[in-house]
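First up is the structure itself, then whatever we jot down about it.
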Amino acid sequence: MRSVVEYYCKSGSTVTVCALDISKAFGRVNNYALLSLLIDRTVPKYFITIMLKWFQHSTASVRWGGALSATFDILAGVRQGPLSPLLFSVYMDVLINRLRRSGLGCCMANSLIPLDDIILLSHSVNTMRSCLLSVNNLRLILT
């Protein structure tokens with residue numbers, strides 16, 4: 000990121016930086032949108048079926064002190080476990096690809112995107128607004 004900022008500054012351009020903390024996004028992922036993305040990636044049908052059954056039969060209850068709540072269905076969110084990072088990255092890949100295709104912002108080759116933070120770079124505040132609108136519009140589509 001540093002080299003990208005230095006490159007744009009050396010050429011006389013400004014750089015606008017926006018850091019997004021998406022740590023709460025894990026719990027808000029729409030399960031059926033996730034399954035749709037997996038289908039688009041031609042994931043085997045048996046895996047999709049297993050995931051669907053898992054989502055349909057996921058329940059939880061809350062323990063507070065000595066009391067236990069009634070059981071309720073879990074309607075959204077990526078479950079914790081070894082598949083969590085992979086499933087969440089499938090979901091986030093849509094956002095990242097949309098931002099890349101938009102031509103907005105500064106490009107970084109071979110960039111790594113951590114699971115709970117995204118840093119957007121652009122050459123102007125207006126371009127950053129467009130990037131953030133793109134992020135927000137995608138969030139509305141996938142939830």
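Here numbering that gives the first Met the number 0 is used: the first residue of the sequence shown is 0, the next is one more, and so on. We put the CB at the ideal spot given by N, CA and C, even for glycine.
- A contact is defined here as three or more CB-CB pairs under 8 Å, and the segment 30-40 meets this definition with respect to the segment 73-87.
- Going by C-alpha positions, GLN79 is about 11 Å away from LEU85.
- Shortest Cα-Cα distance from ASP39 to any of TYR90, GLN55, ALA59, LEU131 involves TYR90.
- Assignment of beta-bridge partners to PHE54 by DSSP yields no partner.
- Here DSSP, grouped into helix, strand and coil, assigns VAL16 to strand.
- For the pair LEU67 and SER57, the CB atoms are not nearer than the 9 Å cut-off.
- The C-alpha of CYS8 is placed about 49 Å away from the C-alpha of TRP53.
- VAL3: member of the alpha helix (DSSP H) spanning 1-9, first to last residue.
- Counting only residues of its own chain and dropping the five nearest sequence neighbours on each side, VAL124 has a CB closer than 7 Å to the CB of THR15.
- Distance between VAL4 and PRO43, taken at the CA atoms: about 42 Å.
- For ASN29, there is no enclosing alpha helix (DSSP H), as DSSP gives it neither H nor E.
- Following the DSSP letters along the chain, one finds VAL93 inside the alpha helix (DSSP H) bounded by residues 83-101.
- In terms of Cα proximity to ILE117, the closest of ASP92, SER10, SER2, THR126 is ASP92.
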